[in-house]
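Residue numbers (this note's numbering): 163 to 219.
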């Protein structure tokens, strides 16, 4: 992620995942923090991919 638009794209996609209560995408570090309950990791990875990115870990 390199800009605010990138951040917004990732945040919107991940926020739509069931169980997600909060999302923080940091463009400086590239770190994505997701908070919530009963979150499906695969669904988060798919949401990030839908936004055009991939998770490193």
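Where is the CB? At the ideal position from N, CA and C, for every residue including glycine. Computed from a predicted structure; not experimentally measured.
Discussion item. Less than 6 Å between C-beta atoms, sequence neighbours within five positions excluded: which residues of the same chain meet that for residue 195?
Written reply: As a position in the chain shown, residue 195 is number 33, starting the count at 1. Within the same chain, Cβ atoms closer than 6 Å to the Cβ of residue 195 are found at 186, the five residues on either side in sequence being excluded.
Worksheet item: Which runs of the beta strand (DSSP E) fall wholly inside the region 170 to 217 and span at least 3 residues, in chain order?
Response: The qualifying runs are 182 to 187, 194 to 198.
Worksheet item: If you draw a straight line from the alpha carbon of residue 204 to that of residue 219, how long is it in whole angstroms?
Response: As a working note, residue 204 is residue 42 in the chain shown. As a working note, residue 219 is residue 57 in the chain shown. Our two residues, residue 204 and residue 219, have alpha carbons roughly 12 Å apart in a direct line.
Practice prompt. Enumerate in chain order the residues of its own chain whose CB-to-CB distance from residue 177 is below 7 Å, with the five nearest sequence positions on each side excluded.
Written response: Position 15 of the chain shown holds residue 177. 185, listed in sequence order.
Practice prompt. Let me know if residue 191 comes out buried or exposed under the rule of 16 or more other beta-carbons within 10 Å of its beta-carbon.
Written response: Here residue 191 refers to the residue found at position 29 when the chain shown is read from its first residue. With fewer than 16 other Cβ atoms within 10 Å, it is exposed.
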